Structures are given as C-alpha cells and as structure tokens.
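Structure first, commentary second.
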Amino acid sequence: MRNAHRVALVTAFTLAAACGGGDSTGPSDPTPTSIVVSSGNNQTATVGTAVAIAPAVQVRDKKGRGVPGVQVTFAVASGGGSITGAVDTTDASGIARVGSWTLGTTTGATALAALISGLAPAGFTATAVAGAPAAMVFVTAPGGTAQNGVAFTQQ
Numbered sequence: 005m006r007n008a009h010r011v012a013l014v015t016a017f018t019l020a021a022a023c024g025g026g027d028s029t030g031p032s033d034p035t036p037t038s039i040v041v042s043s044g045n046n047q048t049a050t051v052g053t054a055v056a057i058a059p060a061v062q063v064r065d066k067k068g069r070g071v072p073g074v075q076v077t078f079a080v081a082s083g084g085g086s087i088t089g090a091v092d093t094t095d096a097s098g099i100a101r102v103g104s105w106t107l108g109t110t111t112g113a114t115a116l117a118a119l120i121s122g123l124a125p126a127g128f129t130a131t132a133v134a135g136a137p138a139a140m141v142f143v144t145a146p147g148g149t150a151q152n153g154v155a156f157t158q159q
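The sequence shown runs contiguously to residue 159 in our numbering.
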C-alpha cells in the first residue's frame, strides 16, 4: 500500500510539472485597439520654443499590452507651431514619440494629435506663454528732471 501511495504521489507531481507554467494570460494579440498618452501632456513653454518633454503615446492591444511595429502619425491640431519626426513606429513596448514639438508664436492653448487609422486619436495640450521682453523703448523721452524712484511727470 505504501508503494502505491508513493507511485500516485510521483505521478501527480509528474503530471503537474508536464502542464508547464509561464504566462497564464495567453499569447499577445498584436492588433492595436487603443492609443493612449504616455508622456509629454499638459506642458507650458514660451511661444516659439519647444516643449521640454517630447510627447509620446503607447499603442495597446485588447489586453492593454504595448503593440510593437505600429506606425503613428503626429500632427499639430491647433495653436500653430511645428513638429519634427511626425511619423514614428512603436518600439518593443508599443511607445512612439514625436521628435520635438515647437509651439506657435501666439500665447494660449495649443494641441497635438497622435493618429492611427481606425482608432480614436490621442491628444496632447500645451500652453504657450509670452517670453521676457527683448527691450524697452521710450516713445517719448522723459522730462529732464526725472529722479530715481519717482514716477515720470505726464507730458
């Protein structure tokens, strides 16, 4: 009886080991089902300059895993400006990024879109703010009696 118990136990362990292990979620489906912002959203920069963090998206399958090898197109949606690297292919993690995003020359809200055919786009926003003045110019010269720390007299 003791040997029969041992044989049954060894058989059970052998069968369990034969079942394998690994990833129980199954194989990845490489079909893109969504595109989501990964980094570079909600930034602020001076008009006419690039944002500090290049916008990036992740393309995901139905299980939320990154899909490599997908072409993503980036385009300025509003507010003017320009981008470099408007088309990128997702890396092994499903990430694609624009080379750079330079904001337009007027202050206010700007937007960038990341697009894949057949999916809703992912959107980025940035706020363009005025820079420091380059120079101060007097249109009318102040009176000759101006004193330090005292307002100019009206002319």
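All C-beta atoms in this analysis are idealised placements derived from N, C-alpha and C, irrespective of residue type, glycine included. Quick caveat: nothing in here was measured; it's all calculated off a predicted structure.
query = When the distance is taken between beta carbons, is Val61 closer than 8 Å to Val41?
reply = yes
query = Excluding sequence positions up to five away, which residues of its chain have a Cβ less than 6 Å from the Cβ of Ala90?
reply = Phe78
query = Run through DSSP, which three-state label would Arg69 get?
reply = coil
ask   = Sorted by chain position, which residues of the same chain lie with C-beta nearer than 8 Å to Val51's C-beta, five sequence neighbours on each side aside?
value = Leu107, Gly108, Thr109, Thr110, Thr111, Ala132, Val133, Ala134, Gly135
message = Can you give me the C-alpha to C-alpha distance between Arg69 and Pro59, rounded to a whole angstrom?
response = 19 Å
request  = Within the same chain, show all residues whose beta-carbon is closer than 8 Å to that of Asp64, passing over the 5 residues directly before and after it, in chain order.
outcome  = Here residue 64 turns out to be Arg, not Asp, going by the sequence shown. Here the set comprises Pro36, Thr37, Ser38, Ile39, Val40, Gly70, Val71, Gly98.
key: Among Ala49, Val74, Ala54, nearest to Gly122 - alpha-carbon criterion   = Val74
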